[in-house]
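Trainee:
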């Protein structure tokens, strides 16, 4: 990536926490917008799923993941 800026905000939500995430990415090479957007969505989803998994593991008092 030639440029990658992101902002994550956490806020109160009824019964939980609201996560707001905004990213602006400028690739270092050309590819169609529809490919780039899909790739970013996939990567962000994987990152947040890993965060959620770790939060839940810690709530249960689980052992550290390798």
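Residue numbers (the numbering used here): 612 to 677.
Just so you know, even glycine gets a beta-carbon here, dropped at the ideal spot from N, CA and C.
This one's a predicted model, so the numbers in the text were calculated from it and none came from an experiment.
Do residue 634 and residue 617 have their beta-carbon atoms positioned less than 7 Å apart in this structure?
Mentor: Cβ atoms of residue 617 and residue 634: closer than 7 Å.
Trainee: Determine the extent of the alpha helix (DSSP H) in which residue 613 is found, giving its start and end residues.
Mentor: Taken as a continuous stretch (DSSP letters only), residue 613 belongs to no alpha helix (DSSP H), as it is neither H nor E.
Trainee: Grab the span of the alpha helix (DSSP H) containing residue 656 for me, first residue to last.
Mentor: Note, residue 656: alpha helix (DSSP H), 644 to 670.
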